[in-house]
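Structure record follows, encoded as structure tokens.
Structure representation (structure tokens):
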């Protein structure tokens, strides 16, 4: 095959620029279509949950289900907000869940941060052993510890101590993740700040904490989701004290012995996801801004 010089270059059977652009555009369109299909497949249960929460009972139990409610109603949400199935309003359980969850997130983040800095930036005896023990504790099934923890907490009169339980279970992952962030922070930054006269607290607040903040945000999301969704420990520790119930315990009251109020269950599940989404959107902004914060200024 002969080559034809074009603008000082030889073209030897290679596809033209228009063909290459068409191939790139086609490949991008196919990938976008596949991504859209995967997103629809993953979001379909959520969309069905939201749709069902607005359906009346006749449409929920219809033999020909519709993707969208034909006669939208707010009766399911009214049943959830009123709390008639348990005798307490919805806001009581939302307040309990948010208080327990946010307190557990703050405690696990604070304790995990201090422990991660010690493990990532200092050398001492049994440091590796301690990390291995943390990993082993995380591998244990949490449900296997329900009975033993219940007995210990009952002896100590701490049956309301769900915050302690959730904090303890979130600490291993928090410490492991934050340790990697703390270990990668260059010590030269702190040494330079110390030469300039910065004290230990200033170095921690102005240099170390901003660089570890992305990991702190990631671990807080994990701790929030775990504490907010937990059911077994809450049911075991709180017993029949309905005034202290969390949202997962409240949802179970819509399951009856002879019938189940699926509309109220879907409505409560829809409301249940709103705080999680709000917390994730709030921390997402902090995660993006914390990636480079403190690395230049100090």
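Numbering (this note's numbering), first residue to last: 18 to 315. Cβ coordinates follow ideal geometry from the N, Cα and C atoms, glycine included.
Residue 286 and residue 268 have their alpha carbons spaced roughly 8 Å apart.
The residue among 263, 191, 291 and 95 with its C-alpha nearest the C-alpha of residue 71 is 95. Minimum Cα-Cα distance from residue 195 among the listed residues 249, 298, 232 and 62 corresponds to 232. Here residue 290 is exposed. Its C-beta has fewer than 16 other C-beta atoms within 10 Å. Positions of the alpha helix (DSSP H) runs, each at least 4 residues long and wholly inside the segment 230-260, are given as 249-255 in order along the chain. Residue range 34-70 is occupied by the alpha helix (DSSP H) that includes residue 62. Burial check for residue 161: the Cβ neighbour count within 10 Å stays below 16, so the residue is exposed.
With contacts defined by Cβ atoms closer than 8 Å, residue 200 and residue 137 form a contacting pair. With respect to the 8 Å criterion, residue 236 and residue 114 are not classified as neighbours on the basis of their beta carbons. Contact between residue 89 and residue 151 does not hold, since their C-beta atoms are separated by about 50 Å, which reaches or exceeds 8 Å.
The beta carbons of residue 102 and residue 248 sit no closer together than 8 Å. Contact between the segment 115-122 and the segment 172-180 is present: 3 or more CB-CB pairs across the two stretches fall below 8 Å.
For residue 172, the enclosing alpha helix (DSSP H) has its first and last residue at 163-172.
According to DSSP, residue 272 shares a beta bridge with 277. In this structure residue 198 touches residue 229 by the C-beta definition: roughly 5 Å separates them, less than 8 Å. Nearest in C-alpha terms to residue 63, of all of 129, 202 and 284, is 284. The straight-line gap separating the alpha-carbon atoms of residue 38 and residue 49 is approximately 16 Å.
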